[in-house]
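Written below as structure tokens is the structure these notes are about.
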Amino acid sequence: MIEAVGLHKSFGSTHALAGLDLDVTEGTILCVLGPNGAGKTTAVRVLTTLTHPDSGHATVAGIDVVRHPAQVRAKIGVAGQYAALDELLTGRENLQMVGRLYRVSGSDARRRADELIERFELTEAADRTVKTYSGGMRRRLDLGAALMAQPPVIFLDEPTTGLDPKGRLSMWDLIAQLARGGTTVLMTTQYLEEADQLADDIVVIDHGRVIARGTADELKRQVAGERLEVTISDSPWLDAARRALESLGEGPAHVDTDARRVSVAVASHEGVLTRAIRELDASGVHVDDIGFRRPTLDEVFLALTGRPAEETVEATA
Amino acid sequence: MSRFAWWLRDSREMVKRNLIHIKRTPELLLDVTLSPIMFVLLFSLVFGGAIEIPRDTYINFLMAGIFVQTISFAGIYTGVLLANDLTKGMIDRFRSLPMSQSSVLTGRTLTDVLRATLAIAIMWIVGMLVGFRPGGGITGGAAAVGLMLLFGFALSWVGVAMGALVRTPEALQGVIFAVVFPLTFVSSAFVPTDTMPDWLAWFADRQPMTLITDAVRSLTLDGSGGPAAIPAILWSIGILAAFFPLGLWLYQRRTTQ
Numbered sequence: 000m001i002e003a004v005g006l007h008k009s010f011g012s013t014h015a016l017a018g019l020d021l022d023v024t025e026g027t028i029l030c031v032l033g034p035n036g037a038g039k040t041t042a043v044r045v046l047t048t049l050t051h052p053d054s055g056h057a058t059v060a061g062i063d064v065v066r067h068p069a070q071v072r073a074k075i076g077v078a079g080q081y082a083a084l085d086e087l088l089t090g091r092e093n094l095q096m097v098g099r100l101y102r103v104s105g106s107d108a109r110r111r112a113d114e115l116i117e118r119f120e121l122t123e124a125a126d127r128t129v130k131t132y133s134g135g136m137r138r139r140l141d142l143g144a145a146l147m148a149q150p151p152v153i154f155l156d157e158p159t160t161g162l163d164p165k166g167r168l169s170m171w172d173l174i175a176q177l178a179r180g181g182t183t184v185l186m187t188t189q190y191l192e193e194a195d196q197l198a199d200d201i202v203v204i205d206h207g208r209v210i211a212r213g214t215a216d217e218l219k220r221q222v223a224g225e226r227l228e229v230t231i232s233d234s235p236w237l238d239a240a241r242r243a244l245e246s247l248g249e250g251p252a253h254v255d256t257d258a259r260r261v262s263v264a265v266a267s268h269e270g271v272l273t274r275a276i277r278e279l280d281a282s283g284v285h286v287d288d289i290g291f292r293r294p295t296l297d298e299v300f301l302a303l304t305g306r307p308a309e310e311t312v313e314a315t316a
Numbered sequence: 000m001s002r003f004a005w006w007l008r009d010s011r012e013m014v015k016r017n018l019i020h021i022k023r024t025p026e027l028l029l030d031v032t033l034s035p036i037m038f039v040l041l042f043s044l045v046f047g048g049a050i051e052i053p054r055d056t057y058i059n060f061l062m063a064g065i066f067v068q069t070i071s072f073a074g075i076y077t078g079v080l081l082a083n084d085l086t087k088g089m090i091d092r093f094r095s096l097p098m099s100q101s102s103v104l105t106g107r108t109l110t111d112v113l114r115a116t117l118a119i120a121i122m123w124i125v126g127m128l129v130g131f132r133p134g135g136g137i138t139g140g141a142a143a144v145g146l147m148l149l150f151g152f153a154l155s156w157v158g159v160a161m162g163a164l165v166r167t168p169e170a171l172q173g174v175i176f177a178v179v180f181p182l183t184f185v186s187s188a189f190v191p192t193d194t195m196p197d198w199l200a201w202f203a204d205r206q207p208m209t210l211i212t213d214a215v216r217s218l219t220l221d222g223s224g225g226p227a228a229i230p231a232i233l234w235s236i237g238i239l240a241a242f243f244p245l246g247l248w249l250y251q252r253r254t255t256q
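Structure, rendered in structure tokens:
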């Protein structure tokens, strides 16, 4: 339903896209995962006809995005990180305007707007100007605008960035409903948890190209086997625990300070647990819990890009 | 529906959006309401007494100049409103819709024709209150209004081109002040050009502001604007023919980066 082959796009000396390939099957959710500046937004802008690629080829619903942008636009809905709404119009006016510009008839636009307002829980705010809306309400209205013409393909650029946990859950729910209804969704995110929750398929992109793809499970398997995870009783031991685990695992250890958890990829089970307990005991680390488990997408990301996803977010924010 | 019919429908939708903006932020109309009233009163009551005009009262001479000055500022001001839109996400929304893309611009410039009409009506009334007595009759008046709206529409496309070029609306406001302001003063808008030094009068007599002002003046005052109106119409059409495609092209270029 969405296909991109070898997309390149440069802004001056910055290569936002460096040979990006994507493929989304009809009725599925693809999550494009990557840190800020990885090229996620540029990819969405090219696929939604907002930006011309320097080279490469992309089709949406079988239509070329460069050659027939108007036909593509009739098939897609777009909702972005910066809600594209008119602040001076009410929620209802925004939806109706977008509906009519999708070339839906006036009466259908009104009916559809009423429907979406109710479904997205905006009934009370529908006749207030958008500038009075909270972040979560704006995102819901923005998504509603994208759905006015019931397009078969939806693009969501970081739909939950900056939302509180409640707002995020309600967006997740709406997105999952869309896919169940047969809509094809391409969404970008910096949140691994989000990809894990929603995606049928995930591509991880960095520096404008895909560095890994698959289902969440496949990615976890592809990157590393099992991990040894230790929960310690007190934070001051985090560093000692990290050193102990790195000495017997493979690659860098992943440290979750808040949960007082340290984990590392291990090649096999054999003898590892005993050695780990001995090492930790020798370093004077008190352990609450220890065991093997599958890697999280966070760790997958770390292994693929050489840096943790969260830190990248903070560094560029 | 034909492409043209869709374009009309989309443009109407855009005009509707702009009119809702005006309804919710009436201060958007200050430049076509309060400031022309101020200019009419300031020039007629404060400077008017010191300016001698042969064969007529100063207020009768002045009104054409105030009309054209207001129309010019309001026309180019379109660019500020467009630049403002371009800094927000809304243009991206429009560009992702299967609508006629040029209707964003025609909606903008057509709204400004409505703004200009309002401005002319207000100035006309305030002018009459302080002694403006146009003798050109209904035909002369209607022709003058038509000419002003055409000129204003042409200038709004200059505004579109400039609005698509500048990075911020504030930058354009500075440019407008630095270019349009001197042009309206070095013209026949407020004083007859024969009182200026020869070299300045030479320029003033040939620039479009003077030509438009002179045409509006003779149309409103005695209805005999025929010969003066021709260069005015040609200038308006020329500006429109140059800046309509240029504005569309610059907007397209700005938004497809």
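Chains A and B, in that order, are what the protein sequence lines are. Counting from 0, one number per residue, gives the positions in the first sequence under numbering that gives the first Met the number 0. Counting from 0, one number per residue, gives the positions in the second sequence under numbering that gives the first Met the number 0. Even glycine gets a Cβ: it sits at the ideal position worked out from N, Cα and C. Keep in mind that this is a model prediction, so the values were computed, not measured.
- Under the Cβ distance rule, G162 (chain B) does not count among the residues neighbouring chain A, no pair being separated by less than 7 Å.
- For R139 (chain A), the closest C-alpha among the options A:P150, A:L115, A:D233 is that of A:L115.
- In this structure, V179 (chain B) sits away from T110 (chain B), with a CB-CB distance that is not shorter than 7 Å.
- The beta carbon of P97 (chain B) falls within 7 Å of a beta carbon belonging to chain A, placing the residue at that interface.
- In the DSSP assignment, G290 (chain A) forms a beta bridge with A:E228.
- About 18 Å separates the beta carbon of S155 (chain B) from that of T32 (chain B), a gap too long to meet the 8 Å contact definition.
- Per DSSP, reduced to three states, the secondary structure at I153 (chain A) is strand.
- R208 (chain A) has A:D205 as its beta-bridge partners, per DSSP.
- Cβ-Cβ distances below 6 Å link R274 (chain A) to L247 in the same chain, with the five nearest sequence neighbours on each side left out; the list follows chain order.
- By the Cβ criterion, the stretch 139-158 of chain B is in contact with the stretch 113-129 of chain B, since at least three pairs of Cβ atoms, one from each stretch, lie closer than 8 Å.
- At least one CB atom of chain B sits nearer than 7 Å to the CB of A69 (chain A).
- In this structure, the beta-carbon distance from V254 (chain A) to R241 (chain A) falls below 7 Å.
- Sequence-distant Cβ neighbours of R2 (chain B) in its own chain, meaning closer than 8 Å and more than five residues away, are S99.
- Taking the CA atoms as reference points, F72 (chain B) sits about 21 Å from K22 (chain B).
- Within 7 Å of the CB of R72 (chain A), the CB atoms of chain B belong to S95, L96, P97, in sequence order along the chain.
- For I19 (chain B), the nearest CB of chain A lies under 7 Å from its own CB, placing it at the interface with that chain.
- In terms of beta-carbon proximity, A83 (chain A) lines the interface with chain B, with at least one pair separated by less than 7 Å.
- Residues of chain B whose Cβ lies closer than 9 Å to the Cβ of V45 (chain A) do not exist; the shortest such Cβ separation is about 11 Å.
- Within chain A, the C-beta atoms nearer than 8 Å to that of T255 (chain B) come from L49, T50, H51, in chain order.
- Here DSSP, grouped into helix, strand and coil, assigns F300 (chain A) to helix.
- Put simply, of B:S43, B:I90, B:F93, B:L104 the residue whose alpha carbon is nearest the alpha carbon of G158 (chain B) is B:L104.
- Rounded to the nearest angstrom, the Cβ distance from A124 (chain A) to M136 (chain A) is 6 Å, consistent with a contact under 8 Å.
- Note that the C-beta distance between L29 (chain A) and G76 (chain A) is not below 7 Å.
- DSSP places S217 (chain B) in the uninterrupted alpha helix (DSSP H) bounded by 207-221.
- In this structure, the alpha-carbon of L182 (chain B) lies about 17 Å from that of P230 (chain B).
- If you draw a 10 Å sphere on the C-beta of K39 (chain A), you find 16 or more other C-beta atoms in it, and that means buried.
- By the neighbour-count criterion, in which 16 or more other beta carbons inside 10 Å mark a residue as buried, E26 (chain B) falls on the exposed side.
- A124 (chain A): not part of any alpha helix (DSSP H); DSSP gives it neither H nor E.
- Counted as a single uninterrupted DSSP element, the alpha helix (DSSP H) harbouring H20 (chain B) occupies residues 2-23.
- Look at V77 (chain A): its C-beta is under 7 Å from a C-beta on chain B.
- Pairing P68 (chain A) with T48 (chain A) gives a Cβ-Cβ distance under 7 Å.
- Contact check for T212 (chain B) against A188 (chain B) passes: the beta carbons are separated by less than 7 Å.
- Contact between the stretch 195-211 of chain B and the stretch 79-89 of chain B is absent: fewer than three C-beta pairs spanning the two stretches fall below 8 Å.
- For E225 (chain A), the number of other beta carbons within 10 angstroms of its own is at least 16, and it is reported as buried.
- In this structure, G134 (chain B) lies near L220 (chain B), with their beta-carbon atoms less than 7 Å apart.
- The contact set of R92 (chain B) on chain A, defined by CB atoms closer than 8 Å, consists of V77, A83, L84, V97, A144 in chain order.
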